[in-house]
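Engineer: Sharing a structure with you now.
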């Protein structure tokens, strides 16, 4: 399926070419295809693709509008030099070979000059070879002709995971970011990141028994991470992992009864025996730990993502995400009904377009206790696999999660002009809804990720994430 997790270089080209490269006379016009660009959530409809030798290409003018960047043109050698975030790439007109970070890279189609502008193939913009160049995530939907571009800071938003006897804090880092633990007191751990910074200050309130708050503070040329813990927390174990590159802080409890409990993030242990406590907000697992969670669940709404005129992601052979989501939703609904203790409601039973607001209304009007929305994300590599659980948050856990939410929320454009106004209202309501349901949603998401991970051992558990999904 098509990818959205690829980086690309910010590009800027000169607006004029030496006279020696100009074609004599007037060339015939090339076929033009309009497309939509979504840059950090802002929609642009003034973009055009040009077909050169049946290849979709983007002009230097539009590339510079979308990505900006620094450039220099060498007339004699016909070389274009790009400098982005301190990185350098060199390209030659009519030559498929480029030099990126000192490495030779072959493009499928060379840069071409046509009627006063240079053109690059669209595939070049989201090529894997340019991942280390930019702090950007890009998705190109060829069928819908939508280009999504999202900025990625060198230091990601913090995310946390709560397990029996253990809590984990994870921050994804750019390739040049280093760190130092500069303060470690009884109830506070401080880490400074050099060579990268977060865009905004973020503070997460956790209260999972070990963590109380996780805070990321951007400085002028660095960022500081502050993790506050309770008296039950032991000494932290801080490691730097690769693929993805991230700082991982594991904090175990001092309670000895958890020391032999199988950890979710390590090798899967036996499937726990789970039972809900009647009339109380707790879930008991193996009689060893208690997760404070929802009251007994009675009504569940199963939401099959997309539908009708909203196809969702489209695979290389034409399979549509909306169809996969519907099959999975029907299967889940049948399994839940077999339990004979849940009232199960589906937001759509067939290939029907249902606005996001109406999906939420279905849950609210039926006083649902749990809302489950099923989606399938896209990826370039056939080796990509796994599952991830999202719950509502005003701020995404990282740029990738934010990009996913933006793409899913983009469907409001199909719902009419008033949808934009509704989105603004919904943003105000998120903060109110999050206060009441954030902790319960977090615990439920963690429990689902734990149990699915232990049952589906041939797939990657991509963890629990937060983002501002309109439907939630």
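Numbering (the working numbering), first residue to last: 668 to 1139.
Cβ atoms here follow ideal geometry from the backbone N, Cα and C, with glycine treated the same way.
Note that this is a predicted model, so its numbers are computed, not measured.
Distance, Cα to Cα, residue 801 vs residue 840?
Structural biologist: C-alpha separation (whole angstroms): 13 Å.
Engineer: Pair every Cβ in the region 847 to 858 with every Cβ in the region 870 to 877, then say whether three or more of these pairs are closer than 8 Å.
Structural biologist: The answer is no - the region 870 to 877 does not touch the region 847 to 858, with fewer than three Cβ pairs under 8 Å.
Engineer: Compute the Euclidean distance between the alpha carbons of residue 987 and residue 973, then round it to the nearest angstrom.
Structural biologist: Rounded to the nearest angstrom, the two C-alpha atoms are 10 Å apart.
Engineer: Should residue 906 go down as buried or exposed, given a rule of 16 or more other Cβ atoms within 10 Å for buried?
Structural biologist: Exposed, since its Cβ has fewer than 16 Cβ neighbours within 10 Å.
Engineer: According to DSSP, simplified to helix, strand and coil, what is residue 988?
Structural biologist: In the structure shown, residue 988 sits in a helix (DSSP, three-state: H, G or I).
Engineer: From residue 717 to residue 791, what does the alpha carbon distance come to, in whole angstroms?
Structural biologist: Using only the alpha carbons, I get a separation of about 14 Å.
Engineer: Roughly how many angstroms separate the alpha carbons of residue 1124 and residue 742, rounded to a whole number?
Structural biologist: Their backbone Cα atoms lie some 57 Å apart in a straight line.
Engineer: Quick check: residue 699 and residue 787, are their CB atoms within less than 8 Å of each other?
Structural biologist: No, Cβ-Cβ distance for residue 699 and residue 787 is not below 8 Å.
Engineer: Grab the span of the beta strand (DSSP E) containing residue 791 for me, first residue to last.
Structural biologist: Run containing residue 791: none in the beta strand (DSSP E); it sits in the alpha helix (DSSP H), 789 to 792.
Engineer: Would you decide whether residue 762 is buried or exposed? Buried here means 16 or more other CB atoms lie within 10 Å of its CB.
Structural biologist: Burial call: exposed.
Engineer: Taking the Cβ atom as the reference point for each residue, do residue 916 and residue 835 lie within a distance shorter than 8 Å?
Structural biologist: In contact: residue 916 and residue 835 (Cβ atoms closer than 8 Å).
Engineer: Beta-carbon separation of residue 1029 and residue 1041 under 8 Å?
Structural biologist: No, Cβ-Cβ distance for residue 1029 and residue 1041 is not below 8 Å.
Engineer: Using CA coordinates, which residue listed in 774, 807, 887 and 732 is at the minimum distance from residue 714?
Structural biologist: For the residues 774, 807, 887 and 732, the minimum Cα distance to residue 714 belongs to 732.
Engineer: Thinking just about the alpha-carbon of each residue, which of 823, 724 and 1023 is nearest to the one in residue 777?
Structural biologist: It is 724.
Engineer: Among the residues of its own chain, which have a CB less than 8 Å from the CB of residue 1129, if the five just before and after it don't count?
Structural biologist: Taken in chain order, the residues that qualify are 1053, 1054 and 1055.
Engineer: Please work out which residues of its chain come closer than 6 Å, Cβ to Cβ, to residue 1095, disregarding the five sequence neighbours upstream and downstream, and give them in chain order.
Structural biologist: Confidence at residue 1095 is low in this model, with a pLDDT of 49, below 50, so the placement of that residue is unreliable and no value is reported for it.
Engineer: From the DSSP output, read off the bridge partner residues of residue 724.
Structural biologist: 717 and 788.
Engineer: Can you tell which of 793, 760 and 884 has the C-alpha that lies nearest to the C-alpha of residue 864?
Structural biologist: When each option's Cα is compared against that of residue 864, the closest is 884.
Engineer: Output needed for residue 911: all residues of its chain with C-beta closer than 7 Å, excluding positions within five of it in sequence on either side, in chain order.
Structural biologist: 839.
Engineer: Please list the terminal residues of the continuous alpha helix (DSSP H) segment that includes residue 1024.
Structural biologist: Its alpha helix (DSSP H) spans residues 1023 to 1032.
Engineer: Does the distance from the C-beta atom of residue 1058 to that of residue 1109 stay below 8 Å?
Structural biologist: Yes, Cβ-Cβ distance for residue 1058 and residue 1109 is below 8 Å.
Engineer: What whole-angstrom Cβ distance do residue 1112 and residue 1131 have, given they're in contact under 8 Å?
Structural biologist: Correct: roughly 5 Å between the Cβ atoms.
Engineer: Am I right that residue 821 and residue 862 are in contact with their C-beta atoms under 8 Å? What's the rounded C-beta distance?
Structural biologist: With 8 Å as the limit, residue 821 and residue 862 qualify as a contact, their Cβ atoms being about 7 Å apart.
Engineer: According to DSSP, is residue 804 helix, strand or coil?
Structural biologist: Residue state, collapsed to three classes: strand.
Engineer: Residue 1001: buried (16+ other C-beta within 10 angstroms of its C-beta) or exposed?
Structural biologist: The residue in question, residue 1001, is exposed, as its Cβ has fewer than 16 Cβ neighbours within 10 Å.
Engineer: Would residue 965 and residue 1020 be called neighbours here (beta carbons separated by less than 8 Å)?
Structural biologist: No, they are not a contact pair.
Engineer: My output table needs one value for residue 778: the three-state DSSP class, helix, strand or coil.
Structural biologist: Coil.
Engineer: Measure the alpha-carbon distance for residue 808 versus residue 703 and round it to whole angstroms.
Structural biologist: Computed Cα separation, rounded: 10 Å.
Engineer: From what residue to what residue does the beta strand (DSSP E) around residue 1156 run?
Structural biologist: Absent from the structure is residue 1156, since the part of the chain shown begins at 668 and ends at 1139.
Engineer: Taking the alpha carbon of residue 843 as the reference point, which residue from 867, 888 and 993 has its own alpha carbon closest?
Structural biologist: The option with the nearest alpha carbon to residue 843 is 888.
Engineer: Looking at chain C, is there any beta carbon in it that lies within less than 8 Å of the beta carbon of residue 716?
Structural biologist: Among the protein chains of the structure shown there is no chain C, as only one such chain exists.
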